[in-house]
Amino acid sequence: MAIKSDLEKAYDRVSWDFIEVSLVAAGIPEKIKKRCPLSPYLFVLCKEWLGHLIRSEMSAGRWRPIRLSRSGPALSHLFFTDDLQSRDGSSSFIEKILRRFCDFYGHKISARKSNMFFSKNVDSSIGDQISQLFGFQKVLNLGSYLGVHLLHDRVTKSTLDFVIEKVRCKLQNWDARKLSFAGCVTLAQSVLLAIPNYFMQSLAISKGVCDEIEMIARQFIWGGFVDNPKSALVSWDSICQLRSHGGLGFRHLQDHNNSFLMKIRFNLVSRKDALWVRVLRSTYGWKS
Numbered sequence: 055m056a057i058k059s060d061l062e063k064a065y066d067r068v069s070w071d072f073i074e075v076s077l078v079a080a081g082i083p084e085k086i087k088k089r090c091p092l093s094p095y096l097f098v099l100c101k102e103w104l105g106h107l108i109r110s111e112m113s114a115g116r117w118r119p120i121r122l123s124r125s126g127p128a129l130s131h132l133f134f135t136d137d138l139q140s141r142d143g144s145s146s147f148i149e150k151i152l153r154r155f156c157d158f159y160g161h162k163i164s165a166r167k168s169n170m171f172f173s174k175n176v177d178s179s180i181g182d183q184i185s186q187l188f189g190f191q192k193v194l195n196l197g198s199y200l201g202v203h204l205l206h207d208r209v210t211k212s213t214l215d216f217v218i219e220k221v222r223c224k225l226q227n228w229d230a231r232k233l234s235f236a237g238c239v240t241l242a243q244s245v246l247l248a249i250p251n252y253f254m255q256s257l258a259i260s261k262g263v264c265d266e267i268e269m270i271a272r273q274f275i276w277g278g279f280v281d282n283p284k285s286a287l288v289s290w291d292s293i294c295q296l297r298s299h300g301g302l303g304f305r306h307l308q309d310h311n312n313s314f315l316m317k318i319r320f321n322l323v324s325r326k327d328a329l330w331v332r333v334l335r336s337t338y339g340w341k342s
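Listed below in structure tokens is the structure:
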């Protein structure tokens, strides 16, 4: 069972006594006021207390975390999702912890924006009972986090159609016929082909998605449209050559994606203590 909870953004509801205690415990100096650049960190400090409550319940054996593999680390909370075994006892304890946290903090959890996701191994009636206990909506997919979909199935071309749609939406306000060739090249390189960059940092985008986005960029450069394409005067491979070699300095999206994923591969080797690295290493049996 995974819970995606959302705190209502009501600054004046926060208990300032609780914040003062948190600031003193963290060793932060006084005179941090509302609208201060450091004020967003107040919520981070307060969530640390929620982490202490969760670890306390884990030590007492009342909060049962999950393991993604037999030898993997125990996952209880990630401060954007809470993962635990979907037992009635665990559910009642997490509900009590959230209620205690809100009482101390003075905040309120938005039931409208909070969701619950259950494994296929959990009986539907049990899932309904637990979701009613919390007052959260039971969903089949947790949606997205920081703009990236929280996927539960194999990533396919249809999974990433939203990236292609973002590229198409950018073209709605542009008219290639009113732009110079240099203007089309600049917009295609700095805007259209830059849209997938954020998603490429965490996902291996399929060749079909990369080819379609590159096709949209090509048609825009040569003044064509999706429904009325024009013939390209130069091959895409030539355009992707370095400027010193006669190209325009474009990059193939798949090569660009692989360069982003190399950062993840490097972290798998160098950041052995990171939680996500420990999970992946234990799941796939990577010892060395």
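To convert, take the position in the sequence shown, counting from 1, and add 54; that gives our numbering.
We treat Cβ as the ideally placed atom computed from N, Cα and C, and that holds for glycine.
- Under the DSSP assignment, N312 falls in the alpha helix (DSSP H) whose first and last residues are L307 to S324.
- Collapsing the DSSP output to three states places F171 in a strand.
- S198 is bridged by DSSP to H203.
- Residue nearest to L187 within the set H299, N311, G201 and E149 is E149 (criterion: CA-CA distance).
- Buried is the label assigned to E268, since at least 16 other Cβ atoms lie within 10 Å of its Cβ.
- Ranking Y338, C264, I184 and S260 by CA distance to the CA of L246 puts C264 first.
- The beta carbon of K232 sits closer than 6 Å to none of the beta carbons in its chain outside the five residues before and after it.
- L322 places its beta carbon less than 8 Å from that of L334.
- Taking C-beta atoms as the reference points, F274 and L225 count as a pair closer than 8 Å.
- Q255 is bridged by DSSP to nothing; it lacks a bridge partner.
- When rounded, the separation of the alpha-carbon atoms in F235 and W276 is 8 Å.
- Counting other Cβ atoms within 10 Å of its Cβ, F253 reaches 16 or more and is therefore classed as buried.
- Per DSSP, the beta bridge partners of K192 are M170.
- Less than 8 Å separates the beta-carbon of S260 from that of L214.
- Residue burial annotation: S59 is buried, with at least 16 other C-beta atoms found within 10 angstroms of its C-beta.
- Contact between L204 and S198 holds: their C-beta atoms lie close to 6 Å from each other, under 8 Å.
- Excluding five sequence positions before and after A271, the CB atoms of its chain that fall closer than 7 Å to its own CB belong to A242, L246 and L247, given in chain order.
- For D309, the closest C-alpha among the options N251, N175 and W330 is that of N251.
- If you look at W330, you'll find it in the alpha helix (DSSP H) that goes L329 to T337.
- By the beta-carbon neighbour count (other beta carbons within 10 angstroms, threshold 16), S313 is exposed.
- Out of R325, A286 and T240, the CA that lies nearest to the CA of L302 is found in T240.
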